[in-house]
Amino acid sequence: MSKSTVQLDVRQAMWSRRNVLKASAGVLAGIMGAQWLPSLADELSVPHIVVVGGGFGGATVAKYLKLWGKDTVKVTLIEPNAQFMSPIMSGMVITGQLEADRISFGYDRLRDVHGVTWVQDRVTAIDSVAKTVTLEGTEGAVVEPLAYDRLILSPGIDFVDVPGWDPLKLPHAWGSRAQADLLQAQLNAFPEGGVFVINVPTYPFRCPPGPYERASAVADYLRVKNKNAQVVVLDTQPDIFVENSLFHALYDELGVQYRGNSKITAVNSGQDDGSGRSVTFVTLTRNELGEVTGQSEPETLNAHVINLIPDNKAAPILYAAGLLDANQLWAPIHPLTYRSTVVGKEAIYILGDSIESAQSKAGQMANAQAKVCADAMLRELAGQPIYEHPITTAGGFAALTQTKVNWIGVSYAYDPAANNGAGDMVRTHFASAPEPSEIHWQPMLQWANNLFADTFG
Ligand SMILES: Cc1cc2nc3c(=O)[nH]c(=O)nc-3n(C[C@H](O)[C@H](O)[C@H](O)COP(=O)(O)OP(=O)(O)OC[C@H]3O[C@@H](n4cnc5c(N)ncnc54)[C@H](O)[C@@H]3O)c2cc1C
245 MSKSTVQLDV RQAMWSRRNV LKASAGVLAG IMGAQWLPSL ADELSVPHIV VVGGGFGGAT
305 VAKYLKLWGK DTVKVTLIEP NAQFMSPIMS GMVITGQLEA DRISFGYDRL RDVHGVTWVQ
365 DRVTAIDSVA KTVTLEGTEG AVVEPLAYDR LILSPGIDFV DVPGWDPLKL PHAWGSRAQA
425 DLLQAQLNAF PEGGVFVINV PTYPFRCPPG PYERASAVAD YLRVKNKNAQ VVVLDTQPDI
485 FVENSLFHAL YDELGVQYRG NSKITAVNSG QDDGSGRSVT FVTLTRNELG EVTGQSEPET
545 LNAHVINLIP DNKAAPILYA AGLLDANQLW APIHPLTYRS TVVGKEAIYI LGDSIESAQS
605 KAGQMANAQA KVCADAMLRE LAGQPIYEHP ITTAGGFAAL TQTKVNWIGV SYAYDPAANN
665 GAGDMVRTHF ASAPEPSEIH WQPMLQWANN LFADTFG
């Protein structure tokens, strides 16, 4: 498929009210039955809900709080970037099949159509007693702390540090436009006969099939460019854990070298000209329960381009706010409301990739969680019981090669007995494409358009 045929008409979709309604409808049967409006009539006591992070979770919850709560709530969204480039579909930006602008979104629709106040800034601290957030402000400016009645955080992820890692030389390309641009530039300059290494971090991490998909997409891209490249996948897991046979067959076809149980322990980020890059990794041994029991001596592999995706963890602001301890990776919440379960943080809610939950870390999942959270918050503010049977779903589409697209879908339902009786969402359905195919291109574009429109439109 040529580049020109892979153009997302996101703006068109965003202007279509029909698409917005379509995308939001299937997620949460029962939610729209909430009757919160009459008891929130007093304008003087309109609660101020502050949302931190304008990605999939944050933009959706800000929009739906206003869509459903109307003038009964004041919603402020704090996001430092004027444009959010979606990680979803960003693999096609890296392989030059999609312009980054086509998957980048601002906040004008949230502000102008839905009445969300957008503050372009970064939150640096949270005072859960005074109920204020501190903003970074621009240089020299004094910014007053912003007061909230409820605070919702959807700040994405951070990475566990890898010794020797400079992300400006070894891109993760797992979340920002600058990183996607860097990996694209490195692939454009890929040398004849070069080595490309990508790793699969320790599960759970953002977008579980993502690293496997990227490996095949890059291998095919380099094959089409006649680079005679060697592509190596170093997987911390013992074996591919999403669509195992599909990816093994594809890697065989593309000549990708796959190594399970391979954990990166250090890297050499090399020089600006790309020389001197390498990864050091160990081979893990495990017992019959899959627990790691030992490791080999370290091996070092030289490479021309290294797509390093370190183990993921919750975003820094959550640690700074005491919403998890330094030795934890994910912030605990209750999935009927997304309220933090940390004592003293009852007015704080957390969505998306940073949370501790069985739900997969996916943008469509963050979008669905946002609707559960918005509904529960509006009901709570109105003194009404929350809905106790939410369902969340996520889908993932990805171009595995220059021509073939694959998809998977997963859904979860609330189970009060899960998580040792604390309650969690448990997986109820999983589905996938019968096989990667060109016929999934159009559904992929439509799916993405609907999700983007539902989140930012
Ligand atoms: C290659 C790739 C492919 C993917 N494909 C799919 C897919 O097909 N389907 C799918 O459902 N998901 C997919 N995902 C996953 C999806 O992108 C994430 O799960 C989703 O973005 C998580 O949403 P979030 O709201 O938690 O964080 P994000 O969407 O990352 O948003 C976080 C926002 O918070 C802001 N922020 C952070 N800290 C602060 C602060 N202190 N103050 C103010 N703002 C702050 C950031 O600037 C950012 O805009 C993919 C991911 C990748 C990397």
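Per my numbering, residue 245 is the first one in the sequence shown, and the count goes up by one each step. Don't be surprised by glycine CBs; every beta carbon is placed ideally from N, CA and C.
query	result
How would you label W280, buried or exposed, when you count the other beta carbons within 10 angstroms and need 16 or more for buried?	Its pLDDT being 45, under 50, W280 is placed unreliably by the model, and nothing is read from it.
When DSSP builds the beta bridges, which residues end up paired with N650?	A642
Indicate whether P415 and N556 have their beta-carbon atoms separated by less than 8 Å.	no
Verify whether the separation of the beta carbon atoms of A224 and T581 is less than 8 Å.	The structure shown does not extend to residue 224, since the chain is modelled only from 245 through 701, so no value can be given for it.
Cβ atoms of V305 and I398: under 8 Å apart, would you say?	According to the sequence as given, residue 398 is Ser; it is not Ile. Closer than 8 Å, so yes.
Just reading off the alpha helix (DSSP H) that I401 is part of, what are its end residues?	It is not in any alpha helix (DSSP H) - I401 instead sits in the beta strand (DSSP E) that spans 401-403.
Please state whether the Cβ-Cβ distance between I370 and L342 is less than 8 Å.	no
In the DSSP assignment, find the unbroken alpha helix (DSSP H) run with P687 in it and report its ends.	685-700
Taking only three categories from DSSP, how would you classify Q613?	helix
Which one of V377, Q646, H673, E388 has the shortest CA to CA distance from L494?	Q646
Could you check how far apart the C-beta atoms of Q539 and T524 are, in whole angstroms? I think they sit under 8 Å.	At roughly 12 Å, the Cβ-Cβ gap does not stay under 8 Å, so Q539 and T524 are not in contact.
Does the Cβ-Cβ distance between I401 and D698 come in under 8 Å?	no
Quick one, are the C-beta atoms of V616 and P634 less than 8 Å apart?	yes
Just to check, is the beta-carbon of Q608 closer than 7 Å to a non-hydrogen atom of ligand 1?	yes
Near I347, what residues of its chain come up, given a Cβ to Cβ distance below 8 Å and the 5 sequence neighbours on each side ignored?	L252, V254, M329, S330, I332, M333, S334, V337, A692, F696
Rounded to a whole number of angstroms, what is the C-alpha to C-alpha distance between P660 and G514?	50 Å
According to DSSP, simplified to helix, strand and coil, what is Q474?	strand
Would the region 461-480 and the region 412-426 be scored as touching if the rule is three or more Cβ pairs under 8 Å?	no
Quick check on H548: buried or exposed, where buried means 16 or more other Cβ atoms within 10 Å of its Cβ?	buried
Which residue from F641, A606, P678 puts its Cα closest to that of Q690?	F641
Take every Cβ of the region 554-568, pair it with every Cβ of the region 470-479, and state whether three or more of those distances are shorter than 8 Å.	no
Can you look up N546 in the DSSP assignment and give me helix, strand or coil?	strand
Is P579 near ligand 1, going by C-beta to nearest heavy atom under 7 Å?	no
Quick check on the burial criterion: 16 or more other C-beta atoms within 10 angstroms. Buried or exposed for L466?	buried
Within its chain, find whatever has a CB closer than 8 Å to the CB of P680; leave out the 5 residues flanking it on each side and keep chain order.	L490, L494, L644, T645, K648, V649, N650
Helix, strand or coil for G534? Go by DSSP, reduced to three states.	coil
Between the Cα of K314 and the Cα atoms of G302, V357, P687, I561, which residue gives the shortest distance?	V357
With distance defined between alpha-carbon atoms, name the residue in A326, A374, R521, A344 nearest to R355.	A326
Could you check the C-alpha separation between D496 and R458 for me, to the nearest Å?	15 Å
How should A433 be labelled, buried or exposed, when 16 other C-beta atoms within 10 angstroms of its C-beta is the threshold for buried?	exposed
In whole angstroms, give me the CA-to-CA distance for E436 and K469.	10 Å
Return the chain-ordered list of same chain residues with a C-beta closer than 8 Å to the C-beta of V511, the five sequence neighbours on each side being excluded.	V406, P407, G408, W409, L414, R521, S522, V523, T524, I550, L552
Let me know if G499 comes out buried or exposed under the rule of 16 or more other beta-carbons within 10 Å of its beta-carbon.	exposed
Please classify H684 as buried or exposed, where buried requires at least 16 other C-beta atoms within 10 Å of its C-beta.	buried
Is it the case that the CB of F328 approaches a heavy atom of ligand 1 more closely than 7 Å?	yes
With distance defined between alpha-carbon atoms, name the residue in V319, P291, H292 nearest to G302.	V319
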